[in-house]
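Have a look at the structure below before the remarks.
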Amino acid sequence: MRRIYLDHIAATPLHPEALAAMLPFLKERFGNPQSLHGEGQSVLEAVEEARGQVARLIGATAAEIIFTSSGSESNNLAVKGLALAGRARGTHLVLSAIEHLSVLNAAKSLEKFGFRSTLVPVDGAGTVRPESVERALAKDTVLVSVMLANSEVGTIEPVAEIAKLCRAKSVLVHTDAVAAAGSLPLDVQALGVDALSLAGDQFYGPKGGAALFIKKGTRLLPQIDGGIQESGRRGGTENVAAIVGLGKAAEIALARRAERAAKAAELRDRLIDGFSRKIGHVLLTGPRAGRLPHQASFCIQFVEGEAMLLSLDMKGIAVSSGSACSSKALKASHVLLALGLDHATAQGSVVFSLLEDTTAEDIDDVIEFFPPIIERLRKMSPLYTAYLKENPQ
Amino acid sequence: MIYSDKVMDHFANPRNVGTLPDADGVGQVGNPVCGDMMTFYIKVKDDRLSEIKFQTFGCGAAIAVSSMVTGMALGKTLEEAMAITNEKVAEELGGLPKNKMHCSNLGADALHEAIKDYRHKSAPGARDAVSAAPAQAHDEHDEACCCPYCEGPLEGMEEVCSCSHCDIDFIECPACGKYTNKAEAACVACGAKIAK
Chain A
148 MRRIYLDHIA ATPLHPEALA AMLPFLKERF GNPQSLHGEG QSVLEAVEEA
198 RGQVARLIGA TAAEIIFTSS GSESNNLAVK GLALAGRARG THLVLSAIEH
248 LSVLNAAKSL EKFGFRSTLV PVDGAGTVRP ESVERALAKD TVLVSVMLAN
298 SEVGTIEPVA EIAKLCRAKS VLVHTDAVAA AGSLPLDVQA LGVDALSLAG
348 DQFYGPKGGA ALFIKKGTRL LPQIDGGIQE SGRRGGTENV AAIVGLGKAA
398 EIALARRAER AAKAAELRDR LIDGFSRKIG HVLLTGPRAG RLPHQASFCI
448 QFVEGEAMLL SLDMKGIAVS SGSACSSKAL KASHVLLALG LDHATAQGSV
498 VFSLLEDTTA EDIDDVIEFF PPIIERLRKM SPLYTAYLKE NPQ
Chain B
9 MIYSDKVMDH FANPRNVGTL PDADGVGQVG NPVCGDMMTF YIKVKDDRLS
59 EIKFQTFGCG AAIAVSSMVT GMALGKTLEE AMAITNEKVA EELGGLPKNK
109 MHCSNLGADA LHEAIKDYRH KSAPGARDAV SAAPAQAHDE HDEACCCPYC
159 EGPLEGMEEV CSCSHCDIDF IECPACGKYT NKAEAACVAC GAKIAK
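Just so you know, the protein sequences line up as chains A and B, in that order. Residue numbers in the first sequence follow our numbering, run continuously in steps of one, and reach 540 at the last position. Residue numbers in the second sequence follow our numbering, run continuously in steps of one, and reach 204 at the last position.
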């Protein structure tokens, strides 16, 4: 069966050029970049080249890039590292309610060390309003963390505006750009942020290759104490192959981002339009405009997300869902609830995210296969039966 | 794969889906907050279940469980059907993921509710005898001790306790008495609103 993979937000395939760049470092170029001999030094050069590639993707300098193991690690290092280093200035954090759990739970961990945090609500489209952030700022706020885009509902956040008003009050700003990197243009100067997280597995790099931008001169408390790797800001022998793969993927992303995004946006709109024509009682989550180019998310009423996900998988289509049933802890996605959706609606969550090789044919197949799946599940749904009873057609 | 082949078969080809407009008994369990809702319809002939239909809003496990229960109970006497437990259903399905045992494995409960409804309608006096049925008492005992999400042990006082695995605090629901997520506005077991 032909597989149609539409779960970019979970993982992207490794780009062949990134793989080719990585292979020598899994074979003959095994040296430790901290070693002073030839084997080490040639590997160090490769790591530093990758640092430059990642820096160019976001308009930073190489010295401002710290390599990490994942987007979650980058977020943890930013939130905990910046807050703890800035403790003398205050112990208050401001976060949006739809941040990734690696940001929210990092802030929660900091509560054990005397920090407190304010969650800024979002509107029905998932947008964090700058004035809401401003209202949440306190005299002792040290850090604001607002993501650049949300992978579950696709919303792009006004981070530049938020950073501007925070800068006026000397509050540091971190943005989680994991969902955005590779899809949106990134320029840390234009954004005006002090820290930015990204992960290569969201733009055809390898898992295990991620980075944190920390603006020059910003104090950071390391979360992995060790040697002098990453200028003493993150201990541990470098995951060289992943770093090299991340660098290559960043270079490709910089060259092809605009073309990839334009193509994805066209197919995304084809999907959204197709669904609104063919499926009743469907809600687009997040905004129609101003969303990630490769992401289309919906809540389908009267059916549950995991049942849709499994049914689509049986048809060869891979997607994800924020429903309670499809999560390990059986909790509805905090993002969907933050948008003001009720539990029953949030249960119908289904998220499509497109790859660079997704075709119009793939999208047309999804538009053809999905409606009968929904119809079958609705025939089984007591909620739909109750709805039809109250609203006879 | 998180589900057994048997679960996937019952999910893909569920048996006895539908409603019975002239049902002798109807039973409903669950609510959308915890994820799954099941409605069972039964017809009774000579004290046996002659027809069973179900509708389920929920995940793959919830649909498979519902389908399996209808197959296990069809043609059985009411007494025999009341002896079917959620655990037996999960066993018949070749097991269920641990976190799905309490939320989605409610098929036997829904069937029992339908039988109770039938008994109540046909002989109101029989109601008390049913509520003392051993299967039901067993289930309630189980749920009182475990986290409704991961089935792990709960720590803390009797009225307020927590699951360290899920990092969730629980309180007893004033309506149904089962443990419910303290952070939720409605009981995860019965859907009743919880006053803060």
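All C-beta atoms in this analysis are idealised placements derived from N, C-alpha and C, irrespective of residue type, glycine included.
| Nearest-angstrom Cβ-Cβ length linking VAL318 of chain A and LEU284 of chain A, presumed shorter than 8 Å | The residue given as residue 318 of chain A occupies position 171 in the first sequence. The residue given as residue 284 of chain A occupies position 137 in the first sequence. Yes, they are in contact, since the Cβ atoms of VAL318 of chain A and LEU284 of chain A sit about 6 Å apart, within 8 Å.
| What does GLY35 of chain B touch in chain A if you count any residue whose Cβ is under 8 Å from its own? | Mapped onto the second sequence, residue 35 of chain B falls at position 27. By Cβ distance, chain A contributes nothing, its closest Cβ being about 11 Å from GLY35 of chain B, past 8 Å.
| Around the C-beta of GLN540 of chain A, are 16 or more other C-beta atoms found within 10 angstroms, so that it is buried, or is it exposed? | What you label residue 540 of chain A is simply residue 393 of the first sequence in a count that begins at 1. With fewer than 16 Cβ atoms within 10 Å of its Cβ, GLN540 of chain A is classed as exposed.
| the stretch 75–86 of chain B: positions lying closer than 9 Å to chain A by Cβ | Hits within the stretch: zero.
| request: Verify whether the separation of the beta carbon atoms of VAL15 of chain B and LEU101 of chain B is less than 9 Å. | output: Locating residue 15 of chain B in the second sequence gives position 7, counting from the first residue. Locating residue 101 of chain B in the second sequence gives position 93, counting from the first residue. For VAL15 of chain B and LEU101 of chain B, yes; Cβs fall inside 9 Å.
| Under the three-state DSSP convention, the category HIS18 of chain B falls into | Numbered from 1 along the second sequence, position 10 holds the residue referred to as residue 18 of chain B. Three-state result, HIS18 of chain B: helix.
| Close beta carbons around ASP287 of chain A, own chain, < 8 Å, minus the five adjacent residues each side | As a working note, residue 287 of chain A is residue 140 in the first sequence. Closer than 8 Å at the Cβ level, and outside the excluded window around ASP287 of chain A, lie ARG236, GLY237, THR238, HIS239.
| query | Going straight from the alpha carbon of ALA91 of chain B to that of LEU161 of chain A, what length do you get? | reply | Here residue 91 of chain B refers to the residue found at position 83 when the second sequence is read from its first residue. Here residue 161 of chain A refers to the residue found at position 14 when the first sequence is read from its first residue. Using only the alpha carbons, I get a separation of about 53 Å.
| CB-CB under 8 Å to ARG203 of chain A, same chain, minus the five flanking residues each way: which ones, in chain order? | As a working mapping, residue 203 of chain A is identified with position 56 in the first sequence. So the qualifying residues of the chain are ALA397, GLU398, LEU401.
| Under the rule that 16 or more other beta-carbon atoms within 10 Å means buried, what is PRO163 of chain A, buried or exposed? | Start at 1 with the first residue of the first sequence, and residue 163 of chain A comes out as number 16. Looking at its Cβ environment, which holds fewer than 16 other Cβ atoms inside 10 Å, PRO163 of chain A is exposed.
| message | So for GLY33 of chain B, helix, strand or coil by DSSP? | response | By 1-based counting over the second sequence, the position of residue 33 of chain B is 25. GLY33 of chain B: strand per DSSP, three-state reduction.
| message | Give me the chain B residues within the contact set of PHE449 of chain A, using Cβ-Cβ distance strictly less than 8 Å, ordered along the chain. | response | Stepping through the first sequence from its first residue, residue 449 of chain A is reached at position 302. Within chain B, PHE65 have C-beta atoms less than 8 Å from the C-beta of PHE449 of chain A, given in sequence order.
| message | Against THR47 of chain B, what residues of chain A qualify as contacts under a CB-to-CB distance less than 7 Å, listed in chain order? | response | Working through the second sequence from its first residue, we reach residue 47 of chain B at position 39. The answer, in chain order, is PRO529.
| message | With a threshold of 9 Å between beta carbons, is GLN540 of chain A in contact with chain B? | response | Locating residue 540 of chain A in the first sequence gives position 393, counting from the first residue. Using a CB distance cut-off of 9 Å, GLN540 of chain A does not count as an interface residue toward chain B.
| Relative to chain B, which residues along the stretch 454–468 of chain A have a C-beta separation below 7 Å, given in chain order? | Listed in sequence order: ALA454, LEU457, MET461.
| task | Identify the contact partners of ALA31 of chain B in chain A, using a Cβ-Cβ distance below 9 Å as the criterion. | result | As a working mapping, residue 31 of chain B is identified with position 23 in the second sequence. Within 9 Å of the CB of ALA31 of chain B, no CB atom of chain A is found; the nearest one sits about 13 Å away.
| Neighbour-count burial assignment, ALA542 of chain A, 16 or more Cβ in a 10 Å radius | The requested residue 542 of chain A is not part of the displayed model; chain A covers only 148 to 540.
| said: Output needed in chain order: residues of the stretch 492–504 of chain A with a Cβ under 7 Å from some Cβ in chain B. | reply: Those residues of the stretch 492–504 of chain A placed with their C-beta closer than 7 Å to a C-beta in chain B are GLN494, ordered along the chain.
| Can the beta-carbon of SER500 of chain A be found closer than 9 Å to that of LEU248 of chain A? | What you label residue 500 of chain A is simply residue 353 of the first sequence in a count that begins at 1. What you label residue 248 of chain A is simply residue 101 of the first sequence in a count that begins at 1. Contact: no.
| query | Under 9 Å, do ILE151 of chain A and VAL513 of chain A count as touching if we go by C-beta distance? | reply | As a first step, residue 151 of chain A is located in the first sequence; it is residue number 4 there, counting from the start. As a first step, residue 513 of chain A is located in the first sequence; it is residue number 366 there, counting from the start. Cβ atoms of ILE151 of chain A and VAL513 of chain A: closer than 9 Å.
| field | LYS190 of chain B versus GLY66 of chain B: straight-line alpha-carbon distance, rounded | value | Within the second sequence, the letter at position 182 stands for residue 190 of chain B. Within the second sequence, the letter at position 58 stands for residue 66 of chain B. Across the structure, LYS190 of chain B and GLY66 of chain B are spaced so that their CA atoms are roughly 23 Å apart.
| message | Please report whether the beta-carbon of LYS526 of chain A lies at a distance below 9 Å from any beta-carbon of chain B. | response | Working through the first sequence from its first residue, we reach residue 526 of chain A at position 379. Nearest CB-CB separation between LYS526 of chain A and chain B: below the 9 Å threshold.
| On the three-state DSSP scale, how would you describe ASN189 of chain B? | As a working note, residue 189 of chain B is residue 181 in the second sequence. Of the three classes helix, strand and coil, the one that applies to ASN189 of chain B here is strand, per DSSP.
| So what's MET45 of chain B in DSSP terms, helix, strand or just coil? | Against the second sequence, residue 45 of chain B aligns to sequence position 37. In the structure shown, MET45 of chain B sits in a strand (DSSP, three-state: E or B).
| message | Please tell me whether ALA81 of chain B and ALA70 of chain B are closer than 9 Å, where the distance is taken between their beta carbons. | response | Locating residue 81 of chain B in the second sequence gives position 73, counting from the first residue. Locating residue 70 of chain B in the second sequence gives position 62, counting from the first residue. At the C-beta level, ALA81 of chain B and ALA70 of chain B stay beyond 9 Å of one another.
| task | Go ahead and pull the three-state DSSP assignment for TYR534 of chain A. | result | As a first step, residue 534 of chain A is located in the first sequence; it is residue number 387 there, counting from the start. It is helical.
| query | What does PHE178 of chain B reach in chain A if we use C-beta pairs closer than 7 Å? | reply | Along the second sequence, read from residue 1 onward, the residue named residue 178 of chain B stands at position 170. Those do not exist, as PHE178 of chain B stays about 13 Å from chain A at its closest Cβ, beyond 7 Å.
| query | Got a sec: is the Cβ-Cβ distance from HIS490 of chain A to anything in chain B below 9 Å? | reply | Here residue 490 of chain A corresponds to residue number 343 of the first sequence, with the count starting at 1. With 9 Å as the cut-off, HIS490 of chain A counts as an interface residue toward chain B.
| query | Distance, Cα to Cα, LYS362 of chain A vs ASN223 of chain A? | reply | Along the first sequence, one-based indexing puts residue 362 of chain A at 215. Along the first sequence, one-based indexing puts residue 223 of chain A at 76. Straight across, the Cα-Cα distance linking LYS362 of chain A with ASN223 of chain A is about 16 Å.
| request: Using a Cβ-Cβ cut-off of 9 Å, state whether CYS313 of chain A counts as contacting chain B. | output: Translated into the one-based positions of the first sequence, residue 313 of chain A becomes position 166. Under the 9 Å criterion on CB atoms, CYS313 of chain A is classed as non-interfacial with respect to chain B.
| said: Strictly below 7 Å CB to CB, what residues from chain B border ALA346 of chain A? | reply: Position 199 of the first sequence holds residue 346 of chain A. Those do not exist, as ALA346 of chain A stays about 24 Å from chain B at its closest Cβ, beyond 7 Å.
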